[in-house]
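Participant:
Protein chains: 2
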Amino acid sequence: MSNILWLVIAAGALGVLYGLIQTAALMKASTGTDKMREIAAAIQEGASAYLRRQYMTIGMVGVVILIAAYLLIGEWAAIGFVIGAVLSGLAGFAGMLISVRANVRTAQAASESLSKGLDLAFRSGAITGMFVAGGALLGVAGYYAVLTAGMGFDSTSREVIDGLVALGFGASLISIFARLGGGIFTKGADVGGDMVGKVEAGIPEDDPRNAATIADNVGDNVGDCAGMAADLFETYAVTTVATMVLAAIFFRDLPYVETLMLLPLAICGVCVVTSIIGSFFVRMGKSQNIMGALYQGLIVTGVLSAIALYFVIDTLIGGPIVTNGGLTIEPMSLFWSGMVGLLVTAAIVVITEYYTGSNFRPVRSVANASVSGHGTNVIQGLAVSLEATALPALTIVVGIIASYQLAGLFGIAIATTTMLGVAGMIVALDAFGPVTDNAGGIAEMAGLPSEVRHSTDALDAVGNTTKAVTKGYAIGSAGLGALVLFAAYTSDLEYFAANAAEYPFFANMGAIDFALTNPYVVVGLLFGGLLPFLFGGMSMMAVGRAAESVVAEVRRQFRENPGIMTYEVKPEYGKAVDILTKAAIREMIVPSLLPVLSPIVLFVAVLSISDKATAFAALGAMLMGVIVTGLFVAISMTSGGGAWDNAKKVIEEGFTDRNGVVHGKGSEAHKAAVTGDTVGDPYKDTSGPAVNPMIKITNIVALLLLAVLASGNIG
Amino acid sequence: MSNILWLVIAAGALGVLYGLIQTAALMKASTGTDKMREIAAAIQEGASAYLRRQYMTIGMVGVVILIAAYLLIGEWAAIGFVIGAVLSGLAGFAGMLISVRANVRTAQAASESLSKGLDLAFRSGAITGMFVAGGALLGVAGYYAVLTAGMGFDSTSREVIDGLVALGFGASLISIFARLGGGIFTKGADVGGDMVGKVEAGIPEDDPRNAATIADNVGDNVGDCAGMAADLFETYAVTTVATMVLAAIFFRDLPYVETLMLLPLAICGVCVVTSIIGSFFVRMGKSQNIMGALYQGLIVTGVLSAIALYFVIDTLIGGPIVTNGGLTIEPMSLFWSGMVGLLVTAAIVVITEYYTGSNFRPVRSVANASVSGHGTNVIQGLAVSLEATALPALTIVVGIIASYQLAGLFGIAIATTTMLGVAGMIVALDAFGPVTDNAGGIAEMAGLPSEVRHSTDALDAVGNTTKAVTKGYAIGSAGLGALVLFAAYTSDLEYFAANAAEYPFFANMGAIDFALTNPYVVVGLLFGGLLPFLFGGMSMMAVGRAAESVVAEVRRQFRENPGIMTYEVKPEYGKAVDILTKAAIREMIVPSLLPVLSPIVLFVAVLSISDKATAFAALGAMLMGVIVTGLFVAISMTSGGGAWDNAKKVIEEGFTDRNGVVHGKGSEAHKAAVTGDTVGDPYKDTSGPAVNPMIKITNIVALLLLAVLASGNIG
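Just so you know, the sequences run in chain order E and R. The first sequence begins at 1 in the UniProt record's numbering and counts up one residue at a time. The second sequence begins at 1 in the UniProt record's numbering and counts up one residue at a time.
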């Protein structure tokens, strides 16, 4: 059986290896002119400096939590936490390192042809994708191997489970800081730079006279690349861990428990391979259809994953299995559950493309509304953002029902795992967006011909959709996985209560009532439900403040150096980067701690006025509450933001309204569309995406709270 | 015992009588100049024409449902439905009739002094408030009297319960149409008129050359007055009915069951009296503080209500009572539960004032953000709108815990009822806002001196806050009442299942699992959760379309009649009213039917793939899901919209930013603030407020579905 574990580790290593080889190939591509190299170097420097400081700050929080984990739970949890945190951080760093090298090369490639630009940008995305998926798999499977094969712990022992959950927590903690810090940086620069440049000074986007341009480009790399990579790493790791924990609980003491704990790892392992194969199929046909090229790779990955899934399950699961709860599951039911995960992924991709793609009703309706003014643009964009939640939510509802009917809760877990299995490919689709966005910025600043900018803009527009897709996918998997995380929580609780002799905190607790008729369940739902809203409000305000500091700085430079406007003096780009670095790091702390501390606060508060069972019920309901509202908040923000951004792009390319009037760059409609885009920026790149790691953290903190209480070290 | 019922009916009648007497007094006030009367007449005519057509359309839907109610449940449900629908419609109509008469008189009074303006506007609001509270109490108590004392039905019989629930349904159905139709009308006129007038033609708000001005003023009356009155009528009626139903279930066959069914009516009865008394205390002191004057009346009502509550409970409840579930409740626990309701009301008023009042951080931060541009104004406004949900949600959480600890679920019901008891006063606070808004419009169009406009603007700014307060109050009561409605649903289900011999549909159904561990409960939560988002998206788009039709019409008039701009030709105001009437009525249908049909669709869908118990569990969870997200969507929309509106007003009065620069009317900051106000318009006056009746409808349809299935007429 251990063979399979080694194969999984090999698959993880293969993903990382693919990344390394492709990186070497990427580095060989031309970096264009000296001017381009100079700009790229400034971006690289700023991005590295920011990430170093960000991770140093997170490191300080991390050390405190590490010590707490060691003292409160034990050494294996502490080591797991470190592995998750370090790997998640590395994934983010790698994403940034690749993208700051790919941007200038993409600009150069796009100056040769659209197809070459796409090829290079996508390849760089695939590198990040495989680093994320391969690295996460390596981390989870590797640590599992160390704990079981290495240290000889039983696969369902507390050491293994706490170690894996702590690994997930490490990944989540880093990722929320990275998502939020990077998001505040990038959108502070973007919003602030646009306001003071485009609106006030009347100079174009990415104009070299704007001191915030380099910061804006740095932001793409530290937010959309590094933050996104850390986020997806976390989603991947947490989902895999949760499924393994569920397998350990559902099949504890049964002969096939180890096989079923390996199943999620095996599924993820083959999907790494199918993602690598699929990535070679992203090639532009004669139609010059960018989205078509990306779909091609995605479809190949999907079909191959389905086939591979069949063989994995056929090989690992010989016949019907029975859970401790008495549910009999046929192997083929597990296969179809996995298929549900793939189909949910496909549906979310298609739905998100509809809501954010340039050729469909929603984006065109926002463009049309821009003709009447700023207000109507924003109203229509908000309306689209609200509406865009319905179909994804229905998809998830259908996914839950289908996989549950097939194979119970474990079916939902397998569906979620398979959904996440193809994350390498999805990250590849996402990471290419910011790279092309950056390439466009470099082309503009280096004075390349306008056709180059046209090519990168076309790629960027698709990138807006694929970025929204990834976010919908991540949050969708959280919705589908909600029951998995919740089941891990309730099953853990049951286990501790049943073995109260060993875990005295849980003695004589009585039954825990998770029914909606229990007012404390409603209290938990409402308390959890408010977190995404409060978190969204706090992070939007943080972007506003960061943007204001950028505006003040750029204004100061314009005022003190009139030569900037006449190209005689180069603005101090580094100053803007510096100011944003400080702002982003300062602003990310409090909102990030909100989901870490809230579960503990609620538990203690309810415990102080009621009993343990009630406190656990309220805490459990809170986990569900944060998902129920978080799902909608996140999807509405990311889809709405994508629609606003592309409505602006549609107008820039020349938009013909219902009355046949054409509106282009600089028109009143364009100004309104820029307003919408500005509003959408923090929506889609700061607040919305950070909701996903926020949900996970809340859930994992709850699991760890149980582990702490079980350890007997407090309470 | 029946004496109490007669006293309650007398209190309801007193409320209506107060309304009639005050109306007579109101009519005696001066209506100003001929010009003012002419404008007021145009508004009256438009508002009456719109409401007649709106209610005719609703009537057609109503007749279909009436026939269905008669055939599927029985005659008493059908009659109850008619009573609720007609009274809710009348409340709306009365609200409109008063406000279209009060507006011109307020303009005239304000031209004498601010204090007189406040006095007249508030008095007109109080008339609507007492019509709403008195009428609702009269309807519920009267029909209860007819069914029990008149027809001799047992107070806990199906006839009585189904009749009362159907009365609530009638009220809810009318109110969602009225809220939505009125909301689309008013904001279509407001947004469209502003866009084509202020932004395009560069003429001031309410300028008589704008063909949409009369429509805009009509909108205030049919949306903010009529729609609001119908909505609060519904909230009042449904909450009272739900508490009565809960009392019938909890104390069935116990000696004090009738007393406890009368308790909510008695509480509401005394609160009508205390609201009337409180209304006489709204008087402006020397400080000319408008909000202070309103607070004075509110505080008097609150304190008197607390005292009256004590005597009601002391008189009605002689000693400890025991529920069928075995919970012993002390009389004083019920008193304190009621106090919780009053305190929740107070907290929501204070929190909403903080988030929407001109003197506090949130509004000032939006004003400050306007200085940097349209985009930052909207970002800050959205951030405020998200953040504004947290404290109200926490208040509700604390309210649930406190009242539950005091007296179980019945304690929560009493808290909610007492909260709604003072609705007459709250409606009074709300209805005065649109009246002053209209008065300002009339002053502008009739060319009154600018000081008059200044007075009405000051009143209107406070009106923006009180409008947000009412909406927060209505949705807050829905949040607090969530468990009451849900308990009515589950208790009904239990009762039918326990008496399956009589209700064969519920035979052998097995236990219903409402626990969060049941995937169908999660499915229900997510499905319910998506409704407020989808509904919000649909209604925002409807406003956008209505506004566009107004823009097209006003543009046509400017084009075809150049004399309008030079005051030579009067614009065709009626045309704009007509176009909006058609648009609003067309657009209100589909979104309003969404909450009516969704519960049925979910139930049938789950039933088709699973069993009855599962379908009932999913439906129950859906009711909770719609509240969990609806609460946040509604509060964020109404508070955010209020903040945007007042940020604009703050700038119009001359706003000094952080750098000491003053921004006034016509400045760039003002333009940005107008954009925010435009976005906030459909947020706060269409989509947000309609979420409250939407939640109620979903819940009541579920209760009626049970009644239909129990009747044996289908299934």
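Every residue gets a Cβ at the ideal spot worked out from N, C-alpha and C, and that includes glycine. All values reported here derive from a predicted model rather than from experimental measurement.
#1: Helix, strand or coil for F233 of chain R, going by three-state DSSP, please let me know.
#2: Report buried or exposed for V452 of chain R, applying the criterion of at least 16 other Cβ atoms within 10 angstroms of its Cβ.
#3: Is any non-hydrogen atom of the ligand GDP found closer than 8 angstroms to the C-beta of V61 of chain R, if you look at the structure I gave you?
#4: Could you check if T315 of chain E is buried or exposed, using at least 16 other CB atoms within 10 Å of its CB as the buried criterion?
#5: Note the first and the last residue of the continuous alpha helix (DSSP H) segment covering R53 of chain E.
#6: For chain E, find out if any of its Cβ atoms is closer than 9 angstroms to the Cβ of M540 of chain R; answer yes or no.
#7: May I ask which residues mark the beginning and end of the alpha helix (DSSP H) holding residue 716 of chain E?
#8: Between which two residues does the alpha helix (DSSP H) carrying K471 of chain E extend?
#9: What are the boundary residues of the alpha helix (DSSP H) that includes L304 of chain R?
#10: Check the DSSP bridge columns for F655 of chain E and list the partner residues they point to.
#11: Taking one C-beta from the segment 627-637 of chain R and one from the segment 375-384 of chain E each time, how about it: are there three or more such pairs within less than 8 angstroms?
#12: Using 8 angstroms as the threshold, is the segment 234-253 of chain R in touch with the segment 310-328 of chain R, meaning 3 or more CB pairs across them?
#13: Y495 of chain E versus chain R: which residues are under 9 angstroms apart at the beta carbon?
#14: Among residues of its own chain, excluding the 5 on either side of A500 of chain E, which ones have a beta-carbon nearer than 6 angstroms to its beta-carbon?
#15: Going along the chain, which unbroken runs of the alpha helix (DSSP H) with 4 or more residues stay wholly within the segment 119-191 of chain E?
#16: Among the residues of its own chain, which have a CB less than 6 angstroms from the CB of A621 of chain R, if the five just before and after it don't count?
#17: May I ask you to report which of helix, strand or coil DSSP gives I203 of chain E?
#18: Where does V322 of chain E sit, in a helix, a strand or coil, going by DSSP?
#19: Using alpha carbons as the reference points, say which of E:S491, E:F496, E:A497, E:L534 lies closest to T517 of chain R.
#20: Between Q296 of chain E and chain R, is the shortest Cβ-Cβ distance under 9 angstroms, so that the two count as touching?
#21: Strictly under 9 angstroms for the Cβ-Cβ distance: is A226 of chain R near chain E by that measure?
#22: What whole-angstrom Cβ distance do V691 of chain E and P434 of chain E have, given they're in contact under 8 angstroms?
#23: Just to confirm, is the Cβ distance from Q44 of chain E to A178 of chain E under 9 angstroms?
#24: Going along chain E, which residues have a C-beta under 8 angstroms from V397 of chain R?
#25: Taking C-beta pairs closer than 7 angstroms, name the residues in chain R that T417 of chain E reaches, listed in chain order.
#26: Pick out whichever of R:A407, R:G193, R:T213 has its Cα sitting closest to the Cα of P519 of chain E.
#27: Can you give me the C-alpha to C-alpha distance between G528 of chain R and L623 of chain R, rounded to a whole angstrom?
#28: Can you tell me whether D677 of chain R is buried or exposed, with buried defined as 16 or more other CB within 10 angstroms of its CB?
#29: Against chain E, which members of the segment 367-390 of chain R pass a CB distance test of less than 8 angstroms?
#30: Thinking just about the alpha-carbon of each residue, which of R:S639, R:S365, R:G441 is nearest to the one in K471 of chain R?
#31: Does the contact criterion of 3 or more C-beta pairs under 8 angstroms hold for the segment 701-715 of chain R versus the segment 157-165 of chain R?
#32: On the criterion of 16 or more Cβ atoms from any shown chain inside 10 Å, does W644 of chain E qualify as buried, or is it exposed?
#33: Tell me the DSSP secondary structure of A515 of chain E in three-state form.
#34: So is D194 of chain R in contact with chain E if we call contact Cβ pairs under 9 angstroms?
#35: Between S608 of chain E and chain R, is the shortest Cβ-Cβ distance under 9 angstroms, so that the two count as touching?
#36: Taking Cβ positions only, does M588 of chain E come closer than 9 angstroms to chain R?
Facilitator: Reading from the atomic positions:
#1: helix
#2: buried
#3: Here there are no bound small molecules, and the ligand GDP is not part of this structure.
#4: exposed
#5: 34-72
#6: yes
#7: This structure leaves residue 716 of chain E out entirely; chain E is present only between 1 and 715.
#8: 450-498
#9: 290-316
#10: E:H663
#11: no
#12: yes
#13: Going along chain R, no residue has its Cβ under 9 angstroms from Y495 of chain E, so there is no contact; the nearest lies around 14 angstroms.
#14: F506, A507
#15: none
#16: V521, G524, L525
#17: coil
#18: strand
#19: E:S491
#20: no
#21: no
#22: About 20 angstroms; that fails the 8 angstroms criterion.
#23: no
#24: V523, L526, F527
#25: Those within 7 angstroms of T417 of chain E in chain R number zero; the least Cβ separation is about 17 angstroms.
#26: R:A407
#27: 6 angstroms
#28: buried
#29: A369, S372, G373, H374, G375, T376, V378, I379, Q380, L382, A383, V384, S385, L386, E387, A388, T389, A390
#30: R:S639
#31: yes
#32: buried
#33: strand
#34: yes
#35: no
#36: no
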